[in-house]
Amino acid sequence: MRRVACVIAVLCSCVWTFPARAQQQQQKPEDPEDEKQIGLWLDQGISTGLSANKSLDLEFHERFDEGGSNLYEYFVQGGVAFRVRPWITLIPIYRYQRFPGNPTIAYENRLLLNLTLSTSRGLWRPILRTLIEGRFPDNRPASGRLRFRPGVDYTLPLHMARRPVLVVNNEFFIVPGYNPFANGGSSYTQNRFQVGVRLPIADSFSVRPYYLLQSVNLPSGWDTNQIVGISLAYKVARKNK
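Numbering follows the numbering used here, with no gaps: position 240 of the sequence shown is 240.
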């Protein structure tokens with residue numbers, strides 16, 4: 001009887017423990033940057049030359065979900081880009097992010113380090129962007145994340161003064177340590193596949209419409225949503241003294 005009682009006690013402890021762990025996992029909020037349904041992403045970038053190999057870069061982003069009707073996220077970020085070599089660019093960045101209407105997280109401070117490797121091969125330009133992120137939400141523990149985005153730019157061989165560029169890339173999101181947001185139990189938390197065309201309107205201004213698939217690893221499984229985006233880029237020429 002003692003053995004039976006011990007077995008029952010062990011089983012009961014397992015039954016009580018597993019729901020407690022599941023409840024603890026459910027208490028984590030979903031990452032506020034996760035898209036819902038069809039989205040519309042807009043961004044505007046301004047780059048001002050400071051020297052031959054250095055520039056000040058500012059970006060403004062607005063993101064809508066639920067068919068483009070709900071502004072769920074917007075942020076501004078800025079940093080100084082250092083072109084260490086013709087094929088390597090290093091950008092330390094600060095971002096301030098707001099999540100209007102989110103019941104659990106109102107804002108987030110983020111520190112990023114952008115390391116971009118790229119080289120030209122005729123009409124092709126392979127690119128590898130690595131982002132190291134430190135995330136500091138208003139009421140959640142801080143966390144780190146790695147983002148790897150291999151891709152390629154292909155200049156379309158058209159008889160035009162300013163030729164369009166096909167842009168294709170895929171980004172992998174990895175949280176190597178503690179994750180304060182709900183996830184599927186893996187460090188691989190998100191994936192973004194993107195294809196678009198950069199249209200140079202002038203030497204200093206370009207427009208890039210794109211299509212993006214965002215897949216998020218949630219406790220219930222992977223959730224994928226479609227996004228249409230429009231990116232504007234403006235370069236301010238450096239004045240020679």
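Note that CB positions come from ideal geometry on N, CA and C, so glycine has one too.
| query | How long is the line joining the alpha carbons of N183 and R198, rounded to whole angstroms? | reply | As a working note, residue 183 is residue 183 in the sequence shown. As a working note, residue 198 is residue 198 in the sequence shown. Each residue's alpha carbon lies about 34 Å from the other.
| Any idea what DSSP makes of K239, helix, strand or coil? | Counting from 1 along the sequence shown, the entry for residue 239 is found at position 239. K239 falls in the coil class under three-state DSSP.
| To the nearest whole angstrom, what separates the beta carbons of Q190 and S215, a pair I think is in contact under 8 Å? | Against the sequence shown, residue 190 aligns to sequence position 190. Against the sequence shown, residue 215 aligns to sequence position 215. Contact flag correct, Cβ pair sits at about 7 Å.
| request: Count the other C-beta atoms from every protein chain shown that fall within 10 angstroms of the C-beta of K239, then say buried if there are 16 or more, exposed otherwise. | output: Reading the sequence shown from its first residue, position 239 is the one you call residue 239. Around the beta-carbon of K239, fewer than 16 other beta-carbon atoms lie within 10 Å, marking it exposed.
| query | Skipping 5 residues on each side, what residues in its chain have a beta carbon closer than 7 Å to that of D33? | reply | In the sequence shown, the residue the question calls residue 33 occupies position 33. Here residue 33 is Glu; the residue named in the question, Asp, does not match the sequence. Once the five neighbours on either side are set aside, the close Cβ partners of E33 are E73.
| For Q27, which of helix, strand or coil comes out of DSSP? | For the purposes of this step, residue 27 is taken as the residue at position 27 of the sequence shown. Here Q27 sits in helix by DSSP.
| said: Do T155 and R162 count as a contact pair if the criterion is CB distance below 8 Å? | reply: For the purposes of this step, residue 162 is taken as the residue at position 162 of the sequence shown. For the purposes of this step, residue 155 is taken as the residue at position 155 of the sequence shown. It is not a contact, given that the beta carbons lie outside the stated cut-off.
| query | Where do the ends of the beta strand (DSSP E) carrying K54 lie? | reply | The residue you call residue 54 lines up with position 54 of the sequence shown. K54: member of the beta strand (DSSP E) spanning K54 to D65, first to last residue.
| said: With distance defined between alpha-carbon atoms, name the residue in Y188, W124, P180 and I174 nearest to V168. | reply: Your numbering for residue 168 matches position 168 in the sequence shown. Answer by Cα proximity: W124.
| message | Between V207, Y96, L166 and A202, which has its C-alpha nearest L42's C-alpha? | response | As a first step, residue 42 must be located in the sequence shown, where it is residue number 42. Ranking V207, Y96, L166 and A202 by Cα distance to L42 puts V207 first.
| Collapsed DSSP secondary structure at R140 in the structure displayed | As a first step, residue 140 is located in the sequence shown; it is residue number 140 there, counting from the start. Residue state, collapsed to three classes: coil.
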